[in-house]
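Peer 1: Quick one: the structure is below, and I'll ask about it shortly.
Residue numbers (the working numbering): 13 to 264.
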(Lines of atoms letter the chains of each structure in order from A and count residues from 1; the text may use other names and numbers.)
(Lines give C-alpha, C1' and ligand atoms only; values in the text may rest on other atoms or scores of the structure.)
Protein backbone atom coordinates (compact mmCIF):
# COMPACT_ATOMS: atom_id res chain seq x y z
CA UNK A 1 0.00 0.00 0.00
CA UNK A 2 1.44 3.37 -1.04
CA UNK A 3 0.47 6.40 1.00
CA UNK A 4 0.97 9.73 -0.73
CA UNK A 5 1.00 13.15 0.83
CA UNK A 6 -1.65 15.72 -0.15
CA UNK A 7 -1.77 16.58 -3.87
CA UNK A 8 1.67 16.98 -5.39
CA UNK A 9 1.19 20.68 -6.19
CA UNK A 10 0.30 21.47 -2.58
CA UNK A 11 3.17 19.34 -1.31
CA UNK A 12 5.63 21.11 -3.59
CA UNK A 13 4.42 24.53 -2.48
CA UNK A 14 4.64 23.66 1.22
CA UNK A 15 8.03 22.01 0.77
CA UNK A 16 9.32 25.02 -1.18
CA UNK A 17 8.06 27.49 1.43
CA UNK A 18 9.64 25.50 4.26
CA UNK A 19 12.89 25.22 2.31
CA UNK A 20 13.04 28.96 1.58
CA UNK A 21 12.37 29.85 5.22
CA UNK A 22 15.18 27.58 6.37
CA UNK A 23 17.50 28.89 3.65
CA UNK A 24 16.94 32.51 4.62
CA UNK A 25 16.71 32.19 8.39
CA UNK A 26 18.74 29.14 9.42
CA UNK A 27 21.45 28.08 7.00
CA UNK A 28 24.40 30.37 6.34
CA UNK A 29 25.94 28.61 3.33
CA UNK A 30 24.68 27.32 0.00
CA UNK A 31 24.54 23.78 1.40
CA UNK A 32 20.92 22.82 2.28
CA UNK A 33 20.01 22.35 5.94
CA UNK A 34 16.49 21.25 6.96
CA UNK A 35 16.15 20.65 10.70
CA UNK A 36 12.43 21.54 10.56
CA UNK A 37 9.76 19.37 8.91
CA UNK A 38 6.02 19.70 8.63
CA UNK A 39 4.06 16.50 9.18
CA UNK A 40 1.25 16.02 6.68
CA UNK A 41 0.93 12.26 6.94
CA UNK A 42 -2.09 10.90 8.81
CA UNK A 43 -0.53 8.43 11.22
CA UNK A 44 -3.97 7.34 12.41
CA UNK A 45 -4.83 5.96 8.99
CA UNK A 46 -6.06 2.37 9.53
CA UNK A 47 -3.87 1.08 6.71
CA UNK A 48 -0.79 2.52 8.39
CA UNK A 49 -1.94 1.30 11.78
CA UNK A 50 -2.31 -2.30 10.52
CA UNK A 51 0.74 -2.43 8.25
CA UNK A 52 3.44 -4.96 9.07
CA UNK A 53 6.25 -2.91 7.49
CA UNK A 54 6.57 0.86 7.08
CA UNK A 55 8.78 2.13 4.26
CA UNK A 56 9.75 5.80 4.22
CA UNK A 57 10.97 6.35 0.68
CA UNK A 58 10.91 10.13 0.34
CA UNK A 59 9.81 12.68 2.92
CA UNK A 60 11.30 16.04 1.93
CA UNK A 61 10.11 18.55 4.56
CA UNK A 62 6.66 17.02 4.80
CA UNK A 63 7.01 13.99 7.08
CA UNK A 64 8.34 14.00 10.62
CA UNK A 65 11.20 11.55 10.97
CA UNK A 66 10.67 11.49 14.72
CA UNK A 67 7.01 10.55 14.34
CA UNK A 68 7.87 7.88 11.81
CA UNK A 69 10.20 6.26 14.34
CA UNK A 70 8.25 7.00 17.50
CA UNK A 71 4.63 6.24 16.57
CA UNK A 72 5.12 2.52 15.95
CA UNK A 73 8.20 1.30 17.84
CA UNK A 74 7.31 -2.37 17.30
CA UNK A 75 6.77 -2.25 13.52
CA UNK A 76 9.54 -3.13 11.11
CA UNK A 77 10.72 -0.06 9.24
CA UNK A 78 12.63 0.61 6.04
CA UNK A 79 14.15 4.00 5.20
CA UNK A 80 15.54 4.88 1.76
CA UNK A 81 18.33 7.41 2.15
CA UNK A 82 18.57 9.90 -0.73
CA UNK A 83 20.94 12.09 1.28
CA UNK A 84 22.30 12.31 4.86
CA UNK A 85 19.53 14.41 6.35
CA UNK A 86 17.85 11.50 8.13
CA UNK A 87 20.77 10.94 10.49
CA UNK A 88 22.24 14.44 10.85
CA UNK A 89 20.84 17.44 12.65
CA UNK A 90 19.36 18.61 9.36
CA UNK A 91 22.18 19.03 6.85
CA UNK A 92 21.68 17.08 3.64
CA UNK A 93 25.40 16.46 3.23
CA UNK A 94 28.05 16.65 5.92
CA UNK A 95 30.82 17.42 3.44
CA UNK A 96 34.03 17.35 5.56
CA UNK A 97 32.26 18.28 8.80
CA UNK A 98 32.96 16.11 11.85
CA UNK A 99 30.33 17.64 14.14
CA UNK A 100 28.16 14.53 13.83
CA UNK A 101 30.49 12.85 16.32
CA UNK A 102 29.84 15.72 18.74
CA UNK A 103 26.06 15.63 18.37
CA UNK A 104 26.00 18.43 15.77
CA UNK A 105 26.32 20.93 18.62
CA UNK A 106 28.22 23.54 16.59
CA UNK A 107 26.93 23.02 13.08
CA UNK A 108 29.05 25.14 10.69
CA UNK A 109 26.25 25.29 8.12
CA UNK A 110 23.72 27.20 10.26
CA UNK A 111 23.70 30.53 12.03
CA UNK A 112 24.76 30.48 15.68
CA UNK A 113 21.27 31.06 17.20
CA UNK A 114 20.12 27.83 15.53
CA UNK A 115 22.91 25.60 16.82
CA UNK A 116 20.67 24.23 19.64
CA UNK A 117 17.90 23.42 17.12
CA UNK A 118 20.23 21.30 15.00
CA UNK A 119 21.73 19.60 18.04
CA UNK A 120 18.27 18.71 19.40
CA UNK A 121 17.27 17.23 16.05
CA UNK A 122 20.35 14.99 15.93
CA UNK A 123 19.98 13.95 19.59
CA UNK A 124 16.27 13.22 19.18
CA UNK A 125 16.68 11.05 16.08
CA UNK A 126 19.64 9.19 17.59
CA UNK A 127 17.73 8.46 20.79
CA UNK A 128 14.64 7.21 18.97
CA UNK A 129 16.66 5.16 16.46
CA UNK A 130 18.46 3.44 19.31
CA UNK A 131 15.06 2.30 20.53
CA UNK A 132 14.08 1.09 17.04
CA UNK A 133 16.78 -1.40 16.13
CA UNK A 134 14.42 -3.01 13.63
CA UNK A 135 15.08 -0.24 11.08
CA UNK A 136 16.70 -1.19 7.76
CA UNK A 137 18.40 1.49 5.66
CA UNK A 138 18.36 1.26 1.86
CA UNK A 139 21.16 3.29 0.27
CA UNK A 140 21.52 4.10 -3.46
CA UNK A 141 25.32 4.04 -3.28
CA UNK A 142 28.09 2.37 -1.31
CA UNK A 143 29.28 5.81 -0.24
CA UNK A 144 25.89 6.64 1.28
CA UNK A 145 25.75 3.25 2.98
CA UNK A 146 29.14 3.81 4.60
CA UNK A 147 28.07 7.24 5.83
CA UNK A 148 24.93 5.75 7.36
CA UNK A 149 26.89 2.95 9.01
CA UNK A 150 29.24 5.52 10.53
CA UNK A 151 26.26 7.52 11.82
CA UNK A 152 24.64 4.47 13.45
CA UNK A 153 27.51 2.25 14.67
CA UNK A 154 25.16 0.43 17.06
CA UNK A 155 23.39 -1.20 14.08
CA UNK A 156 24.78 -4.47 12.66
CA UNK A 157 25.85 -4.39 9.02
CA UNK A 158 22.80 -6.46 8.07
CA UNK A 159 20.61 -3.38 8.64
CA UNK A 160 22.21 -1.56 5.68
CA UNK A 161 21.46 -2.51 2.08
CA UNK A 162 22.78 -0.91 -1.08
CA UNK A 163 20.30 -0.79 -3.99
CA UNK A 164 20.83 1.48 -7.00
CA UNK A 165 18.08 3.92 -7.95
CA UNK A 166 16.49 2.34 -11.04
CA UNK A 167 14.84 3.83 -14.08
CA UNK A 168 11.50 2.07 -14.67
CA UNK A 169 11.71 -0.40 -17.53
CA UNK A 170 8.00 -0.60 -18.37
CA UNK A 171 8.39 1.78 -21.30
CA UNK A 172 8.69 0.70 -24.95
CA UNK A 173 11.35 3.34 -25.65
CA UNK A 174 14.34 1.85 -27.46
CA UNK A 175 17.62 2.06 -25.63
CA UNK A 176 19.36 4.41 -28.03
CA UNK A 177 22.78 4.11 -26.39
CA UNK A 178 22.76 0.36 -27.05
CA UNK A 179 22.03 0.87 -30.76
CA UNK A 180 24.20 3.92 -31.30
CA UNK A 181 26.53 3.20 -34.21
CA UNK A 182 29.31 5.45 -33.06
CA UNK A 183 30.79 5.09 -29.64
CA UNK A 184 29.09 5.47 -26.29
CA UNK A 185 26.76 8.13 -24.92
CA UNK A 186 27.42 9.07 -21.29
CA UNK A 187 24.64 10.63 -19.26
CA UNK A 188 24.56 12.89 -16.19
CA UNK A 189 21.22 13.62 -14.50
CA UNK A 190 20.62 16.10 -11.67
CA UNK A 191 17.73 18.32 -10.63
CA UNK A 192 20.25 21.18 -10.58
CA UNK A 193 23.34 20.75 -12.76
CA UNK A 194 24.97 23.73 -11.04
CA UNK A 195 24.81 22.17 -7.56
CA UNK A 196 28.47 21.93 -6.42
CA UNK A 197 27.69 18.76 -4.45
CA UNK A 198 27.04 16.96 -7.76
CA UNK A 199 30.57 17.88 -8.90
CA UNK A 200 29.75 17.99 -12.62
CA UNK A 201 33.07 19.72 -13.21
CA UNK A 202 34.93 16.50 -12.44
CA UNK A 203 32.96 14.62 -15.10
CA UNK A 204 33.51 17.38 -17.66
CA UNK A 205 37.26 17.31 -17.06
CA UNK A 206 37.33 13.53 -17.44
CA UNK A 207 35.16 13.67 -20.57
CA UNK A 208 37.49 16.23 -22.12
CA UNK A 209 40.52 14.04 -21.43
CA UNK A 210 39.01 10.81 -22.77
CA UNK A 211 37.67 12.63 -25.84
CA UNK A 212 41.15 13.91 -26.61
CA UNK A 213 42.46 10.33 -26.68
CA UNK A 214 39.45 8.75 -28.43
CA UNK A 215 38.21 11.56 -30.66
CA UNK A 216 34.65 11.23 -31.91
CA UNK A 217 33.87 8.05 -30.00
CA UNK A 218 31.98 9.49 -27.05
CA UNK A 219 29.12 11.89 -26.42
CA UNK A 220 27.76 13.36 -23.19
CA UNK A 221 24.14 14.23 -22.38
CA UNK A 222 23.44 16.51 -19.41
CA UNK A 223 19.91 16.52 -18.02
CA UNK A 224 18.71 19.04 -15.44
CA UNK A 225 18.02 22.68 -14.73
CA UNK A 226 20.92 25.09 -15.03
CA UNK A 227 21.86 28.74 -15.44
CA UNK A 228 24.99 27.82 -17.39
CA UNK A 229 25.91 26.60 -20.84
CA UNK A 230 28.09 23.50 -20.49
CA UNK A 231 28.93 23.09 -24.18
CA UNK A 232 32.61 22.27 -24.75
CA UNK A 233 33.81 23.55 -28.08
CA UNK A 234 33.99 20.78 -30.65
CA UNK A 235 33.03 18.04 -28.18
CA UNK A 236 29.67 16.26 -28.41
CA UNK A 237 27.95 17.62 -25.30
CA UNK A 238 24.20 18.22 -25.22
CA UNK A 239 22.14 19.77 -22.44
CA UNK A 240 18.39 19.54 -21.79
CA UNK A 241 15.58 19.62 -19.24
CA UNK A 242 13.03 16.79 -18.99
CA UNK A 243 9.64 16.66 -17.30
CA UNK A 244 8.92 12.94 -17.11
CA UNK A 245 10.54 9.53 -16.90
CA UNK A 246 9.59 8.92 -20.52
CA UNK A 247 11.41 12.08 -21.64
CA UNK A 248 14.41 11.01 -19.55
CA UNK A 249 14.56 7.65 -21.31
CA UNK A 250 14.27 9.32 -24.71
CA UNK A 251 17.22 11.56 -23.82
CA UNK A 252 19.47 8.52 -23.92
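Heads up, the beta-carbon is just placed ideally off N, CA and C, and yes, glycines get one too.
Leaving out five residues on either side along the sequence, give the residues of the same chain with a beta carbon under 7 Å from the beta carbon of residue 95.
Peer 2: The count along the chain shown starts at 1 and reaches residue 95 at position 83. Once the five neighbours on either side are set aside, the close Cβ partners of residue 95 are 104 and 105.
Peer 1: How long is the line joining the alpha carbons of residue 209 and residue 247, rounded to whole angstroms?
Peer 2: The sequence position of residue 209 within the chain shown is 197, counting from 1. The sequence position of residue 247 within the chain shown is 235, counting from 1. Whole-angstrom Cα-Cα distance: 24 Å.
Peer 1: Pick from 90, 121, 254 and 109: whose alpha carbon is nearest that of residue 146?
Peer 2: Your numbering for residue 146 matches position 134 in the chain shown. Ranking the options by Cα distance to residue 146, first place goes to 90.
Peer 1: Consult DSSP for residue 185 and reduce its assignment to one of helix, strand or coil.
Peer 2: Here residue 185 corresponds to residue number 173 of the chain shown, with the count starting at 1. Any reading at residue 185 must be qualified, since the residue scores a pLDDT of 48, below 50, and its modelled position is unreliable; no value is offered.
Peer 1: If the criterion is Cβ atoms closer than 7 Å, does the pair residue 204 and residue 121 meet it?
Peer 2: As a first step, residue 204 must be located in the chain shown, where it is residue number 192. As a first step, residue 121 must be located in the chain shown, where it is residue number 109. Not a contact, by the Cβ cut-off of 7 Å.
Peer 1: Between the Cα of residue 131 and the Cα atoms of 148, 141, 113 and 56, which residue gives the shortest distance?
Peer 2: Reading the chain shown from its first residue, position 119 is the one you call residue 131. For the residues 148, 141, 113 and 56, the minimum Cα distance to residue 131 belongs to 113.
Peer 1: Please give the ranges of any beta strand (DSSP E) in the region 74-111, keeping only runs that are unbroken, at least 3 residues long and fully inside the region.
Peer 2: With a minimum length of 3 residues, the continuous beta strand (DSSP E) runs that stay inside the region 74-111 are 88-92.
Peer 1: Determine the direct distance from the alpha carbon of residue 229 to that of residue 170, and round the result to whole angstroms.
Peer 2: Taking the first residue of the chain shown as 1, we reach residue 170 at position 158. Taking the first residue of the chain shown as 1, we reach residue 229 at position 217. Spanning the two alpha carbons is a distance of roughly 42 Å.
Peer 1: If contacts are defined as beta-carbon pairs under 8 Å, then residue 266 and residue 74 qualify, I think. What distance do you get, rounded to the angstrom?
Peer 2: For the chain, the structure presents residues 13 to 264; residue 266 sits outside this window and is missing.
Peer 1: Is DSSP giving residue 195 helix, strand or coil here?
Peer 2: Working through the chain shown from its first residue, we reach residue 195 at position 183. Here residue 195 sits in coil by DSSP.
Peer 1: Identify the continuous beta strand (DSSP E) that holds residue 139 and give its terminal residues.
Peer 2: Sequence index remark: in the chain shown, residue 139 carries index 127 (1-based). No beta strand (DSSP E) holds residue 139; the alpha helix (DSSP H) holding it covers 127-142.
Peer 1: Tell me, please, whether the region 64-80 touches the region 155-169 by the rule of three or more beta-carbon pairs shorter than 8 Å.
Peer 2: Not touching, per the Cβ criterion.
Peer 1: Would you list the one or two residues that DSSP bridges to residue 237?
Peer 2: Mapped onto the chain shown, residue 237 falls at position 225. Looking at the DSSP assignment, residue 237 forms a beta bridge with 204.
Peer 1: By the DSSP assignment, the beta strand (DSSP E) with residue 250 in it spans what residues?
Peer 2: As a working note, residue 250 is residue 238 in the chain shown. Where residue 250 is concerned, the enclosing beta strand (DSSP E) stretches over 249-252.
Peer 1: Quick check on this structure: which residue in 63, 224 and 200 has the alpha carbon closest to the alpha carbon of residue 211?
Peer 2: Here residue 211 refers to the residue found at position 199 of the chain shown. For the residues 63, 224 and 200, the minimum Cα distance to residue 211 belongs to 200.
Peer 1: Going straight from the alpha carbon of residue 252 to that of residue 71, what length do you get?
Peer 2: Locating residue 252 in the chain shown gives position 240, where the first residue counts as 1. Locating residue 71 in the chain shown gives position 59, where the first residue counts as 1. If you take the alpha carbons of residue 252 and residue 71, they lie about 27 Å apart.
Peer 1: For residue 40 and residue 66, which I take to be in contact (beta-carbon distance under 8 Å), what is that distance rounded to the nearest angstrom?
Peer 2: Counting from 1 along the chain shown, the entry for residue 40 is found at position 28. Counting from 1 along the chain shown, the entry for residue 66 is found at position 54. About 35 Å; that fails the 8 Å criterion.
Peer 1: Taking the straight line between their C-alpha atoms, what separation do you get for residue 111 and residue 245?
Peer 2: Within the chain shown, residue 111 is the residue found at index 99, counting from 1. Within the chain shown, residue 245 is the residue found at index 233, counting from 1. Computed Cα separation, rounded: 43 Å.
Peer 1: Look up residue 69 in the DSSP assignment and say whether it is helix, strand or coil.
Peer 2: Along the chain shown, read from residue 1 onward, the residue named residue 69 stands at position 57. Coil, per DSSP.
Peer 1: Is residue 229 helix, strand or coil when you go by DSSP?
Peer 2: As a first step, residue 229 must be located in the chain shown, where it is residue number 217. Three-state result, residue 229: coil.
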